[in-house]
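Read the structure below first, then the notes.
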Amino acid sequence: MDINLIPPSELGKGSNIKLNVCEHEVDMYWKVAIEVLEVIAENNRKGEPTVMVVPYGPIGPYARLAYLVNKHRISLKNCVFINMDEYLVGDDETIPYENPLSFKATMDRVLYNNVRSELIMPKSQRLFPEPGREKEI
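This is the structure in structure tokens:
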């Protein structure tokens, strides 16, 4: 079956997974950023931590999340983001931070460095996979 032939009204039927269809890709970026912000804000209100596994891509939502966090002054201090990805050099070493393909550098550039210092979580709460440290996560 060609999934591109499934009408939008039929997508997600029979699944417990919530599905939203956006008209444009950028709409999805905003929607993801808003939903992440809402979860964090609700957990902050309840005094609960937010722990999220965050993929590297698409990276579009992260700049929007930084904007929304700053605009609405939502603290990330009680958040832990477990970043899913990083490239390796061989089996036991991540690529250098200075490498343009570094996921860690991109997340810093797109999200973490763009959130006001009084709102951003400490670096110790921004976890990235590192060879030999898998059990820590």
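Going by numbering that gives the first Met the number 0, the residue at position 125 of the sequence shown is 124; the numbering climbs one at a time, nothing skipped.
C-beta atoms are modelled at their ideal positions from N, C-alpha and C, and glycine is treated no differently.
Name, in chain order, the residues that DSSP records as bridge partners for residue i.
i: Val50; result: Val79
i: Arg44; result: None, per the DSSP bridge assignment.
Let me know if residue i comes out buried or exposed under the rule of 16 or more other beta-carbons within 10 Å of its beta-carbon.
i: Arg63; result: buried
i: Glu85; result: buried
i: Ile16; result: exposed
i: Arg44; result: exposed
First and last residue of the alpha helix (DSSP H) that includes residue i?
i: Leu220; result: For the chain, the structure presents residues 0 to 136; residue 220 sits outside this window and is missing.
i: Leu18; result: Unbroken run through Leu18: none, as it is neither H nor E.
i: Thr105; result: 102-109
On the three-state DSSP scale, how would you describe residue i?
i: Leu36; result: helix
Using 8 Å as the cut-off, can you tell me whether the segment 47-63 makes contact with the segment 104-113, which would need three or more C-beta pairs spanning the two stretches below that distance?
yes
Using 8 Å as the Cβ pair cut-off and three pairs as the minimum, do the segment 11-24 and the segment 39-52 touch?
no
Does the count of Cβ pairs from the segment 34-51 and the segment 87-101 closer than 8 Å reach three?
no
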